[in-house]
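Numbering (full-length UniProt numbering), first residue to last: 1 to 1038.
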């Protein structure tokens, strides 16, 4: 963070708003690539994509990233990037910044640039953005899983960037090049073509009869009136590898005569085509009968031998293939009967769909032979390449000039049963792998036999020594690492033979691919800044060279320079067994051994992350390690009640939860940076800040890790040091409500100057819902509205299930918090909607309930103070009755009104004694049936019923809202009731959209005394109630 701050003076966009925006982004940096200003002249090779606003380029300097394990800022030079041009963006305003923010919801954003000629600003993204956009037309890819018969087809279209828009346009443009001569047929075929959904869909087309040849009627007792034929031109399909439309000429197809040829219509055509995988329709010019041309899989007998296919999916005759291989036995020989017999047996176990044919390969077929290391592995180019049967083309083929791996079987000149067994094991081991075994050969000079593998063999075997990797993912070879350490023994010595022997043994025990740091002898003069820790018995120091570790990126040993370490003096003699026992107790946390040259005492050099920095105690568990403090030090506080609170919260962590959990903790005030006031009330002030270490959370892997540089909200309660019990009660309310739809609490802190206690809360990245609605009213359709309501009622239901009442429930307390990515597992980048249709009520954000300060148990309600936003307060509460869960339901009904209409309830009224009286007399906001469906109105009216007993509970509302939402969810399997509800919402959609636009353009309709922030309402009912005070907590500015 400091590095980025210090660098602010070294760059400028020459626009203060843009500079401030980028600086704010940089101050929020947590990990990954830094968002920055990128001068336009740093791009070369700029190429526009079609007529879109997208281009590709090479960024010479490349993105900046901090590699935590390497402890370095590194740029990836000459990186290919994607440029999104924001046309007509010369004038910078808040609306433009909001537009930029909407684009930056895409993953992999690198920064902003500007074209010096047009002055248009440009957003720079990782090349991965093109995963979502067509390189030809710039349109966003649209893949829907339900359109695919097999999951791998969905993955193939994603992987090969298949563009539906491009291909439908291609087919449209071709409509003028064919006709059946029948308008009904033409229209049917065109509709079928325009209904293309995946690259795997068959292109249904008109097929001239003269394209069909070798027509033969199938035998009697067959499958109806069918013929088999050859289609000369063949079906049209898109080759996702070659990226072009191709035909498969001269394929065998089956012809089904349509019995209803004279009365063809859409219905009859749809009925017959749905039963078969059809290529199209043709017509016999003699009989005028129409013919459906279908896949030849409907004919399941081999033409050569008339035997039924064993595996229809692969459409080949195993008997004929085996005969071919048998007939070829005379065309090759290894000149050794046992080897020939071995190869022949493997060939007769043919498995076409899995592998190439195992065969004898003459050694002179290999060129460019290169030995690897001193082992038995060699690479080469096989001129002919492996033999396999192409089930699409129904012919034998070879992949010529294939790079292969040769594994020499030394001392194999004499063929024995043991040799055959070894060859069988090695070849079968790889047979079902991607790096299949192709066959066997023999070096004519050494007479050693050679097994031949796919070059992917090196995914599991070390290229240097040929041994199998301990981890093929990380390419970590134990033997190579041990040899490297052995060769280094001569370069160091402790001067004590026993110590040297011990260190060497520790180094040679390396067998854990995840333990990359090496135990070693460390000269004392490599330490600087040595200082003793009070009460701990340890000394800290900076190790200049730093520990030796195996870099997974560079695949070699490196050092972490200037590493902070702990020095623990070993007062026993190296001749004493207890000396080594003490070392072995801490061996996993140790860097190595050193010796003080003055006192001659040996020193164990420890990793500081395994010991408490306050008391020096060794940590007992992963939580203490991740929290850099032992439990005793964490819960120790000068105020006993605060200490007890922290300890109680830590004990409530559910380590067996299927979801991630966040650790509640005491957070030192100096952990906060960039503190800014964002809201103030009579009893508290709210700030935003950057928490440097960040919150601690439990991964699914049961390890605790931190999320550094997290932006948080600090709620500072005035004079809270004098109201400890009240402060603790509010904290406990937050910690009890653990749900995605309720604002999270990370811990507590204290301002050292004012001594006010602070609640450290989740920061609402998306702001409050009012702000969202003002900026996104055009896109806030019914589907998104119901999605928000679903999340809100889930949160309220959780509060009510815990026998609690919110007591201050209104739309201003609905916040949008950003989801925490990367927790538990690495999450693959989400596919999101088109940028133009994008809104932040999606999988990147949670809709959650905030302001739990007034939340109380059902039996702990203060009847005297009325606090809230008047239109949201239930009439019985205004009349002096206790606050109940039914009062929360009334407030939810008003939230439903905002979601439906886009405006606040009673926005044209003064919020005074008159409105309070009207609410108690049953007056409710006006409802327009043109913009709100009847089913929605019915539920809303039940929620704000004058009689609390008539209002539904949160469970019932949750079920109904989910029914509404599922009715509009295209992924949900609808029933009859869903269609009826869907129609009601669709009928009001356009009117509602127009109403939202009218409200946006006519802001003056809001009364000057309409107040939508929480406040004490007793002054408006003072003739009925006593005056009292209540604490104010306002998150509306988050």
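Every residue, glycine too, gets a C-beta built ideally from N, C-alpha and C.
Q: Reducing DSSP to helix, strand and coil, say where residue 118 ends up.
A: Secondary structure at residue 118: coil, using DSSP grouped into helix, strand and coil.
Q: State yes or no: is the C-beta of residue 882 within less than 7 Å of the C-beta of residue 919?
A: No, the pair does not count as a contact, with Cβ atoms beyond the cut-off.
Q) Start and end of the alpha helix (DSSP H) containing residue 503? A) Start and end: 497-508.
Q) When DSSP builds the beta bridges, which residues end up paired with residue 124? A) 83 and 111.
Q. For the stretch 377-449, which segments carrying the alpha helix (DSSP H) assignment without a break, of at least 4 residues, lie completely within its bounds, in sequence order?
A. Segments of the alpha helix (DSSP H) lying fully in the stretch 377-449: 417-431.
Q) Closest by CA to residue 123, which one among 107, 137 and 999? A) Of the listed residues, the one whose Cα sits closest to residue 123 is 107.
Q) Got a sec? Which residues, its chain only, sit under 8 Å from residue 47 by beta carbon, not counting five neighbours each side? A) Only 55, 56 and 57 meet the Cβ criterion.
Q: Using a threshold of 7 Å, state whether the C-beta atoms of residue 764 and residue 815 are closer than that.
A: Yes; because the gap between Cβ atoms is below 7 Å, this pair is in contact.
Q.
Is it buried or exposed, residue 1040, if we count other Cβ atoms within 10 angstroms and call 16 or more buried?
A. Nothing in the structure corresponds to residue 1040, since the chain is present only between 1 and 1038.
Q.
Checking the sheet assignment: what are the DSSP bridge partners for residue 697?
A. DSSP, once it has assigned bridges, lists 662 and 705 as partnering residue 697.
Q) If you drop the 5 nearest sequence neighbours on each side, which residues of the same chain put their C-beta closer than 7 Å to that of residue 482? A) Correct list, in chain order: 508 and 510.
Q.
According to DSSP, simplified to helix, strand and coil, what is residue 1024?
A. Caution applies to residue 1024, whose pLDDT of 47 falls short of 50 and renders its modelled position unreliable; the model cannot decide the point.
Q. According to DSSP, which residues form a beta bridge with residue 559?
A. For residue 559, the beta-bridge partners assigned by DSSP are 548.
Q: Under 7 Å Cβ to Cβ from residue 1009, same chain only, skipping five residues before and after it: list those, please.
A: Cβ contact annotation for residue 1009 (same chain, cutoff 7 Å, sequence separation greater than five): 910, 911 and 912, in chain order.
Q | Inter-residue Cα distance where the pair is residue 675 and residue 818 | A | Approximately 20 Å, taken between the alpha carbons.
Q. Using the rule of at least 16 other Cβ atoms within 10 Å of the residue's Cβ for burial, across every protein chain shown, is residue 566 buried or exposed?
A. Residue 566 is classed as buried because its beta carbon has at least 16 other beta carbons within 10 Å across all chains shown.
Q. What are the boundary residues of the beta strand (DSSP E) that includes residue 943?
A. No beta strand (DSSP E) contains residue 943, which is instead part of the alpha helix (DSSP H) from 934-943.
Q) Would residue 592 be called buried (16 or more neighbouring beta carbons within 10 Å of its own) or exposed? A) A buried status is given to residue 592, since no fewer than 16 other beta-carbon atoms sit within 10 Å of its beta-carbon.
(Q) Quick check on residue 592: does DSSP put it in helix, strand or coil? (A) The answer is strand: DSSP assigns residue 592 an E or B state.
**Q.** Cα-Cα separation, residue 28 to residue 586
**A.** Straight-line Cα distance between these residues: approximately 37 Å.
Q: Specify the secondary structure class of residue 747 as computed by DSSP and reduced to three states.
A: DSSP places residue 747 in strand when its eight states are reduced to three.
Q: Would you identify the three-state DSSP class for residue 364, choosing helix, strand or coil?
A: In the structure shown, residue 364 sits in a helix (DSSP, three-state: H, G or I).
Q. Taking DSSP as the reference, what is the three-state secondary structure of residue 1055?
A. Outside the shown range of the chain (1 to 1038) lies residue 1055, about which nothing can therefore be said.
Q: Output the residue ranges of the alpha helix (DSSP H) runs that lie fully inside the stretch 12-66 and measure 4 residues or longer, sorted by chain position.
A: 16-27, all fully within the stretch 12-66.
**Q.** Residues sharing a beta bridge with residue 807, DSSP
**A.** Paired residue(s): none; residue 807 is not in a bridge.
Q. Rounded C-beta distance between residue 556 and residue 797? I'm assuming under 8 Å.
A. The pair is not a contact, with the Cβ atoms about 56 Å apart (cut-off 8 Å).
Q. From residue 441 to residue 459, what does the alpha carbon distance come to, in whole angstroms?
A. For residue 441 and residue 459, the gap between their C-alpha atoms comes out near 22 Å.
(Q) Give the list of continuous alpha helix (DSSP H) stretches no shorter than 4 residues that lie fully inside the stretch 142-215. (A) Under the rule that a run must span 4 or more residues, the alpha helix (DSSP H) segments found entirely inside the stretch 142-215 read 151-159, 164-173 and 183-194.
Q | Distance, residue 761 Cα to residue 173 Cα | A | In this structure, the straight-line span from the alpha carbon of residue 173 to that of residue 761 is close to 58 Å.
Q.
Let me check understanding here. Comparing Cα to Cα, which of 889, 671 and 915 lies closest to residue 947?
A. With distances taken between Cα atoms, residue 947 lies closest to 889.
(Q) By the three-class DSSP mapping on this structure, what secondary structure does residue 582 have? (A) Residue state, collapsed to three classes: helix.
Q: Count the other CB atoms, across all protein chains shown, that sit within 10 Å of the CB of residue 144; report buried if there are 16 or more and exposed otherwise.
A: Residue 144 comes out exposed.
Q: In angstroms with no decimal places, state the Cα-to-Cα distance between residue 500 and residue 697.
A: Those two C-alpha atoms are separated by around 41 Å.
Q) Straight-line CA distance for residue 677 to residue 732? A) The alpha-carbon of residue 677 is positioned some 24 Å away from that of residue 732.
Q: Look up residue 772 in the DSSP assignment and say whether it is helix, strand or coil.
A: Correct three-state label for residue 772: helix.
Q.
Counting C-beta neighbours from all protein chains within 10 Å, is the total for residue 333 16 or more, i.e. buried, or is it exposed?
A. Around the CB of residue 333, fewer than 16 other CB atoms lie within 10 Å, so the residue is classed as exposed.
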